[in-house]
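Position 326 of the sequence shown, counted from 1, bears residue number 326 in UniProt numbering, the numbering being contiguous throughout.
Each remark here refers to the structure printed beneath this line.
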Amino acid sequence: MADKQFDVVIYGATGYTGQLVARYFLTEQETAIDAPNALKWAIAGRSKDRLNQTKELLKEKVPSVSADAIDRIPILVADSDDVEAVLALVKSTKVVLTLAGPYAKYANLLVQLCAENGVHYCDLTGEMIWADMNIRKYEAVAKKSGAKIVHCCGFEAMPSDVSTFLLADFVRTKLQSEVSHISYYWIDSLGGISGGTCASLLHMMTMATRQEVKRMFDPFFYTSAEYEKGKAHLVDANKTGFRVKYDKDMKNWTTVFVGAGANSPVVLRSNYLLGDYYGKAFSYWERFCTGGFFFQNVVSFFTASLLVLSYFDFTRKYILEKIVPAPGVGPTEEELAKGFFKAEMLAYDENRKLVAKGQTTGAGDPGYLITSKMIAEMAKCLAKDEHDGAFASGGGFLTPASAGGRSLAKRLHDKNVMNFEVKKVE
1 MADKQFDVVI
11 YGATGYTGQL
21 VARYFLTEQE
31 TAIDAPNALK
41 WAIAGRSKDR
51 LNQTKELLKE
61 KVPSVSADAI
71 DRIPILVADS
81 DDVEAVLALV
91 KSTKVVLTLA
101 GPYAKYANLL
111 VQLCAENGVH
121 YCDLTGEMIW
131 ADMNIRKYEA
141 VAKKSGAKIV
151 HCCGFEAMPS
161 DVSTFLLADF
171 VRTKLQSEVS
181 HISYYWIDSL
191 GGISGGTCAS
201 LLHMMTMATR
211 QEVKRMFDPF
221 FYTSAEYEKG
231 KAHLVDANKT
241 GFRVKYDKDM
251 KNWTTVFVGA
261 GANSPVVLRS
271 NYLLGDYYGK
281 AFSYWERFCT
291 GGFFFQNVVS
301 FFTASLLVLS
311 YFDFTRKYIL
321 EKIVPAPGVG
331 PTEEELAKGF
341 FKAEMLAYDE
351 NRKLVAKGQT
361 TGAGDPGYLI
371 TSKMIAEMAK
381 CLAKDEHDGA
391 FASGGGFLTP
401 ASAGGRSLAK
411 RLHDKNVMNF
421 EVKKVE
């Protein structure tokens with residue numbers, strides 16, 4: 001891909017998160033305009049006027065970069081269903097980073113053409129049914145072309161996926177054991193609700209059949225049918241359930257985490273793609289671990305109620321119109337800076353003994369600021385073809401952990417996007 005005009009094209013750059021990605025690119029040495037050996041990038045979308053408006057907004061938000069430099073950011077115009085325009089966009093770059101959702105509505109052609117033309121792709125989707133459909137339709141095509149298609153590169157599900165990889169890698173390399181189980185606990189967080197994410201998930205529920213909704217609760221959702229059949233005995237071990245439980249190792253009450261349904265299948269797909277590197281009998285779950293018994297029951301009830309309400313058309317419409325923010329709208333600058341998250345992990349060896357623990361933290365609004373940096377680093381990782389020798393992979397539908405591994409984790413840690421700590425339990 002050495003002859004490409006661009007290294008990365010940011011599609012959907014006019015939206016709130018798209019603007020954050022562009023701001024991050026402008027202030028990073030690797031992607032700064034006119035910096036020596038910097039990656040070449042462009043912003044893209046459906047409207048030239050809105051893309052130019054985005055440039056003007058960038059001048060206000062990033063005063064440290066000259067207006068002249070921002071004016072020189074290339075613009076590509078392509079409607080998401082215009083085959084000719086999207087193909088030209090895809091062929092111009094090494095990586096397509098797209099933020100235009102709902103992805104099942106606006107990214108079908110992008111995924112197909114990237115897979116067919118050997119162009120890497122990353123997004124923020126949590127639309128499980130759509131992502132699974134892409135795997136089934138284009139996996140063989142992407143493997144043949146060498147395209148790396150990486151879904152779920154935001155708060156769903158990169159923290160869970162990369163943190164689990166690092167903790168499992170620590171147990172495998174430092175403690176010389178397979179991992180039987182990792183528990184991931186969300187301790188605390190502060191951040192806004194993404195209107196775009198909510199719109200995408202509710203759109204998925206609108207399009208889903210009853211059978212598809214039922215299948216979404218399968219932890220091996222993103223693996224092959226043959227692999228899933230071989231892991232049938234592990235399905236229950238990978239289900240967290242809604243029941244409030246006391247965790248003796250955390251010494252606290254825990255309940256279901258609202259994002260676990262989207263995150264867990266990604267983590268298990270990573271283990272699948274890495275040849276059961278974590279462990280042949282590996283299981284994983286995520287739990288919410290803050291507050292006492294009463295509070296955890298409130299969280300469990302709220303989570304279950306939200307899932308039920310999202311299933312029906314009239315309640316879905318009410319949630320979208322009256323409760324969640326509109327797509328494209330985001331937090332204030334002050335709110336972005338105040339956000340954070342903290343998670344802790346426990347790893348058990350092949351004898352189910354607790355042997356290691358980890359912690360992951362992030363400063364900034366998780367769903368917006370941290371998310372924009374996570375997908376930006378994933379795109380740079382793909383553009384520079386960074387991966388671990390031990391986990392070098394060709395094309396296909398990958399996960400953040402299987403696509404970037406230690407290289408991606410180092411990027412995230414060094415750039416202070418997410419901070420990781422792992423240690424042995426004595």
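Virtual Cβ for every residue (Gly too), placed ideally from N, Cα, C.
Separation of residue j from residue i, as counted between CA atoms
{"i": "residue 335", "j": "residue 230", "result": "46 Å"}
{"i": "residue 159", "j": "residue 345", "result": "11 Å"}
{"i": "residue 378", "j": "residue 14", "result": "20 Å"}
{"i": "residue 16", "j": "residue 237", "result": "39 Å"}
{"i": "residue 418", "j": "residue 410", "result": "10 Å"}
{"i": "residue 187", "j": "residue 83", "result": "45 Å"}
{"i": "residue 75", "j": "residue 91", "result": "15 Å"}
{"i": "residue 40", "j": "residue 282", "result": "40 Å"}
{"i": "residue 421", "j": "residue 47", "result": "43 Å"}
{"i": "residue 104", "j": "residue 132", "result": "11 Å"}
{"i": "residue 227", "j": "residue 34", "result": "48 Å"}
{"i": "residue 96", "j": "residue 27", "result": "20 Å"}
{"i": "residue 169", "j": "residue 209", "result": "38 Å"}
{"i": "residue 253", "j": "residue 296", "result": "7 Å"}
{"i": "residue 149", "j": "residue 138", "result": "10 Å"}
{"i": "residue 338", "j": "residue 414", "result": "21 Å"}
Within 7 Å, strictly: CB atoms of residue i and residue j
{"i": "residue 219", "j": "residue 264", "result": "yes"}
{"i": "residue 124", "j": "residue 375", "result": "yes"}
{"i": "residue 99", "j": "residue 192", "result": "no"}
{"i": "residue 269", "j": "residue 399", "result": "yes"}
{"i": "residue 402", "j": "residue 234", "result": "no"}
{"i": "residue 303", "j": "residue 309", "result": "no"}
{"i": "residue 412", "j": "residue 381", "result": "no"}
{"i": "residue 395", "j": "residue 142", "result": "yes"}
Closest by C-alpha distance to residue i, when choosing among the options
{"i": "residue 350", "options": "169, 78, 180", "result": "180"}
{"i": "residue 341", "options": "242, 366, 44, 30", "result": "366"}
{"i": "residue 153", "options": "281, 21, 339", "result": "21"}
{"i": "residue 384", "options": "343, 55, 120", "result": "120"}
{"i": "residue 44", "options": "62, 33, 4, 89", "result": "89"}
{"i": "residue 79", "options": "137, 308, 110", "result": "110"}
{"i": "residue 177", "options": "157, 280, 63", "result": "280"}
{"i": "residue 425", "options": "106, 174, 309, 31", "result": "174"}
{"i": "residue 247", "options": "273, 115, 290, 228", "result": "290"}
{"i": "residue 293", "options": "244, 143, 304", "result": "244"}
{"i": "residue 214", "options": "284, 52, 363, 129", "result": "129"}
{"i": "residue 9", "options": "126, 395, 358, 77", "result": "77"}
{"i": "residue 386", "options": "405, 257, 352", "result": "405"}
Residues that residue i bridges to, as DSSP identifies them
{"i": "residue 359", "result": "344, 421"}
{"i": "residue 287", "result": "185, 256"}
{"i": "residue 148", "result": "396"}
{"i": "residue 45", "result": "77"}
{"i": "residue 295", "result": "In the DSSP output, where bridge partners are listed per residue, residue 295 has none listed."}
{"i": "residue 384", "result": "According to DSSP, which records beta bridges pairwise, residue 384 is partnered with nothing at all."}
{"i": "residue 354", "result": "348"}
{"i": "residue 209", "result": "None; residue 209 has no bridge partner."}
{"i": "residue 166", "result": "In DSSP, residue 166 forms no bridge with anything."}
Collapsed DSSP secondary structure at residue i in the structure displayed
{"i": "residue 175", "result": "coil"}
{"i": "residue 368", "result": "helix"}
{"i": "residue 98", "result": "strand"}
{"i": "residue 120", "result": "strand"}
{"i": "residue 236", "result": "helix"}
{"i": "residue 154", "result": "strand"}
{"i": "residue 6", "result": "strand"}
{"i": "residue 274", "result": "coil"}
{"i": "residue 245", "result": "strand"}
{"i": "residue 27", "result": "helix"}
{"i": "residue 39", "result": "coil"}
{"i": "residue 180", "result": "strand"}
{"i": "residue 54", "result": "helix"}
Residue i at chain B interface by Cβ criterion, 7 Å
{"i": "residue 158", "result": "Absent from the structure is chain B; it holds one protein chain and no more."}
Contact test: residue i Cβ vs the ligand HEM heavy atom, cutoff 6 Å
{"i": "residue 240", "result": "The ligand HEM is not among the ligands present in this structure, which contains no ligands whatsoever."}
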